[in-house]
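Student: With my numbering, letter number 124 in the sequence shown gets 124, and the count goes up by one each step, no holes.
Don't be surprised by glycine CBs; every beta carbon is placed ideally from N, CA and C.
Fair warning: this is a prediction, and the values are worked out from it, not measured in the lab.
Below are the structure tokens for one structure; questions will follow.
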Amino acid sequence: MASPYWFPPEIWSMVFQMISKDYHYDIMDVRLTCKTFEKLATPFLLPRMICGPWSSSLTTLTAVSRHPVLSRSVREVVYTCTRFQSIKTLPEYKEALHKAYPFGRFDEPRTEEEDLGLNTAFSDYSQYYNNQAAMESSGEVIACLCSALMRMPNIERITISPNFEYELDDELDEELDDERNNELDSYHYRKWFLDPNPAYNEAFLLKARVLSLTGANIRELEIESDDADRGHGVDGALFRGMSQLSLSHCCDAFRGLRNITVTANETDINGWRTGNLAKILSGATDLEKLYIHCSNGMFHISTRYILGTTVWSRLTSLDFYSTTFDQGDFLDVPRRHSGTLKDIDLFCVHLTNGSWKVLLEGMKSFLSLQHVSIEDPFEEDGHEAIYLNDDALTKYLLGDGPNPLSIEYLLNLQEESVL
């Protein structure tokens with residue numbers, strides 16, 4: 001008879017999934033406990049693969065994709081979208097470091113150890129660049145990504161990330177002199193390394209082409225923000241110079257997506273105004289959640305260039321961060337999705353051609369809404385954010401409370417504060 005303390009397999013699967021997120025190596029030990037645990041824990045053995053356009057990274061990805069067990073456990077592929085520049089001499093490398101440091105503050109090496117650290121970092125940077133250039137020119141990057149994706153049947157999520165992790169041990173040179181490595185202080189070694197530049201646009205097109213060619217059954221796509229907060233993201237140049245073939249690949253790639261997160265910056269406004277992003281998003285016919293985050297202040301591009309007039313029959317959640325809305329254009333979005341849209345989150349949104357008071361009145365008529373969050377809203381020509389009480393907003397939009405921006409509500413609030 002089964003033990004009364006034995007949990008159902010579904011519970012154990014949930015436990016192992018939580019463990020895999022923060023205690024990855026423990027999953028390896030769990031699999032050795034018994035055959036039942038081996039079967040239940042294996043899907044969480046390697047849930048995420050991080051790769052980039054370098055030979056060592058793609059070799060690892062290929063090896064995992066060919067492994068009979070690991071290939072089936074991968075649920076997410078994170079593609080590092082950084083690009084190294086051609087820097088041929090040490091003086092040029094120093095100049096690049098000067099520009100990369102805030103306010104041009106860059107301390108020249110003062111000791112022999114620091115000189116060694118700087119030279120080693122420059123050497124590693126050059127190796128990364130040469131390796132990346134060779135891989136891209138040979139077509140190995142897209143070939144490896146396509147073949148690996150086709151061999152990993154359970155991938156559900158693709159993340160494009162600019163967050164490059166530079167390790168002390170040179171991943172491109174397995175025969176790195178241990179004696180030299182030991183001489184280097186890890187702080188100095190990392191200090192002199194020039195971070196590669198994010199290349200969102202190129203990575204976006206690459207991943208779209210890979211997904212289009214493979215027909216991979218991906219459900220989530222995230223274009224991740226920069227940990228260093230350098231104000232990056234896909235920009236309008238991506239859409240302005242987009243060929244018809246690239247547009248077709250993008251529409252095909254988005255076809256099965258349900259959750260989409262786009263980090264953007266408003267560089268090249270004319271590119272954004274082509275409406276190509278709206279065309280691409282329209283391909284995601286099963287879209288459920290859409291997040292548009294601007295990475296460098298206010299995004300002064302109207303929603304009609306982003307969302308177009310598409311009606312997504314399953315759309316339940318919208319999240320906008322540091323964007324600009326025309327009142328009429330925005331109200332048209334929940335109106336088109338009045339039967340499905342449940343959650344709206346707006347942060348630091350700038351409203352034009354209208355007022356938040358009127359916009360709230362329009363939103364109140366959408367009966368499907370279950371959650372609304374609006375923080376730090378701005379109006380046209382306004383330099384300070386409008387204060388909106390969360391409880392009052394919820395009571396108004398989802399209940400019978402007064403409009404939190406009406407004169408009556410504000411006067412009552414003022415009277416209560418006096419009392």
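Under a three-way DSSP split, which group does Cys-193 fall into?
Tutor: According to the sequence as given, residue 193 is Phe; it is not Cys. The answer is coil: DSSP assigns Phe-193 none of H, G, I, E or B.
Student: State buried or exposed for Leu-367, treating a residue as buried only when at least 16 other CB atoms are found within 10 Å of its CB.
Tutor: The residue in question, Leu-367, is exposed, as its Cβ has fewer than 16 Cβ neighbours within 10 Å.
Student: Rounding to the nearest angstrom, what Cα-Cα distance links Trp-356 and Pro-377 in this structure?
Tutor: Distance between the alpha carbons of Trp-356 and Pro-377 is about 8 Å.
Student: Following the continuous beta strand (DSSP E) through Glu-222, name the residue where it begins and the one where it ends.
Tutor: Where Glu-222 is concerned, the enclosing beta strand (DSSP E) stretches over 220–223.
Student: Indicate the three-state DSSP secondary structure (helix, strand or coil) for Ile-155 in the structure shown.
Tutor: Three-state DSSP puts Ile-155 in coil, outside helix and strand.
Student: What number of angstroms, rounded off, separates the C-alpha of Gly-275 from the C-alpha of Thr-159?
Tutor: Spanning the two alpha carbons is a distance of roughly 23 Å.
Student: Could you say which of Ala-264, Pro-196, Ser-365 lies nearest to Arg-83 if we only look at CA atoms?
Tutor: Comparing Cα-Cα distances from Arg-83 to each of Ala-264, Pro-196, Ser-365, the minimum goes to Pro-196.
Student: If I measure Cβ to Cβ from Phe-16 and keep anything under 7 Å in the same chain, skipping five residues before and after, which residues do I get?
Tutor: Counting only Cβ-Cβ distances below 7 Å, and skipping sequence neighbours, we find Ile-27, Val-30, Leu-40, Ala-41, Phe-44.
Student: By Cβ distance below 6 Å, which residues in the same chain neighbour Asp-343 in space, the five residues on each side in sequence not counted?
Tutor: Result list for Asp-343: Ser-317, His-371, in chain order.
Student: Taking contact to mean at least 3 C-beta pairs separated by less than 8 Å, is the region 280–288 in contact with the region 297–311?
Tutor: Because the criterion of three Cβ pairs below 8 Å is met, the region 280–288 and the region 297–311 touch.
Student: Looking at the structure shown, is Phe-84 part of a helix, part of a strand, or coil, going by DSSP?
Tutor: Here Phe-84 sits in coil by DSSP.
Student: What is the DSSP secondary structure of Arg-48, counted as helix, strand or coil?
Tutor: Strand.
Student: If you draw a straight line from the alpha carbon of Ser-212 to that of Ala-253, how long is it in whole angstroms?
Tutor: For Ser-212 and Ala-253, the distance between alpha carbons rounds to 5 Å.
Student: By the three-class DSSP mapping on this structure, what secondary structure does His-249 have?
Tutor: Helix at His-249.
Student: Report, in whole angstroms, the separation of the C-beta atoms of Leu-397 and Met-363, which I expect to be a contact under 8 Å.
Tutor: Rounded, the Cβ-Cβ distance is 6 Å, consistent with contact.
Student: Would Glu-76 and Glu-156 qualify as a contact pair, given that the criterion is a beta-carbon distance under 9 Å?
Tutor: Yes. Within cutoff.
Student: Tell whether a beta-carbon distance below 9 Å holds between Gly-256 and Ile-280.
Tutor: No. Outside cutoff.
Student: As a quick exercise: from Val-64, Ile-269, Thr-261, Leu-90, pick the residue whose alpha carbon is nearest that of Met-152.
Tutor: Of the candidates Val-64, Ile-269, Thr-261, Leu-90, the one whose C-alpha sits nearest the C-alpha of Met-152 is Val-64.
Student: By DSSP, does Lys-35 sit in helix, in strand, or in coil?
Tutor: The answer is helix: DSSP assigns Lys-35 an H, G or I state.
Student: How about Gly-241 and Thr-263: are their beta carbons less than 9 Å apart?
Tutor: In this structure, Thr-263 does not lie closer than 9 Å to Gly-241 by Cβ.
Student: Do you know whose CA, among Tyr-93, Leu-205, Ala-199, Met-18, lies nearest Gln-132's CA?
Tutor: Looking at the Cα atoms, Ala-199 is the closest of the given residues.
Student: Look at the alpha carbon of Leu-238 and the alpha carbon of Phe-299, and state the distance between them as a whole number of angstroms.
Tutor: Taking the straight line joining both Cα atoms gives about 16 Å.
Student: If you count every other CB in all the chains shown that lies within 10 Å of the CB of Pro-68, and 16 or more means buried, which is it?
Tutor: Classification for Pro-68: exposed.
Student: Give me the DSSP bridge partner(s) of Ser-161.
Tutor: Partner(s): Thr-80.
Student: Terminal residues of the continuous alpha helix (DSSP H) containing Thr-62?
Tutor: Segment 55–66, the alpha helix (DSSP H) holding Thr-62.
Student: Excluding five sequence neighbours on each side, which residues of the same chain lie with their C-beta closer than 7 Å to the C-beta of Leu-323?
Tutor: Contrary to the premise, residue 323 reads as Thr rather than Leu in this sequence. Excluding sequence neighbours, Thr-323 sits near Ile-292, Cys-294, Phe-299, Val-349.
Student: Measure the alpha-carbon distance for Phe-7 versus Leu-32 and round it to whole angstroms.
Tutor: When rounded, the distance between both Cα atoms is 18 Å.
Student: In terms of residues, what are the limits of the alpha helix (DSSP H) holding Lys-357?
Tutor: Residues 356–363.
Student: With 16 as the cutoff for other CB atoms within 10 Å, does Tyr-93 come out buried or exposed?
Tutor: By the neighbour-count rule (16 or more Cβ atoms within 10 Å), Tyr-93 is buried.
Student: Is Lys-289 helix, strand or coil when you go by DSSP?
Tutor: Note: Lys-289 maps to strand in three-state DSSP.
Student: Pull up the CB-CB distance for Cys-146 and Val-210, whole angstroms please, since I reckon it's below 8 Å.
Tutor: With 8 Å as the limit, Cys-146 and Val-210 qualify as a contact, their Cβ atoms being about 5 Å apart.
Student: Quick one: what's got a C-beta closer than 7 Å to Glu-379's C-beta in the same chain, skipping five residues either side?
Tutor: So the qualifying residues of the chain are Leu-351, Ser-355, Trp-356, Ile-386.
Student: Can you check whether the CB of Thr-214 is closer than 9 Å to the CB of Met-150?
Tutor: Yes. Within cutoff.
Student: What's the call for Ser-338, buried or exposed, on a 16-neighbour Cβ count within 10 Å?
Tutor: With fewer than 16 Cβ atoms within 10 Å of its Cβ, Ser-338 is classed as exposed.
Student: Please name the residue, chosen from Phe-37, Leu-388, Ala-96, that lies closest to Trp-192 on a Cα-to-Cα basis.
Tutor: For Trp-192, the nearest C-alpha among the options comes from Ala-96.
Student: Which one or two residues does DSSP pair with Glu-379 in a beta bridge?
Tutor: DSSP lists Leu-351 as partners of Glu-379.
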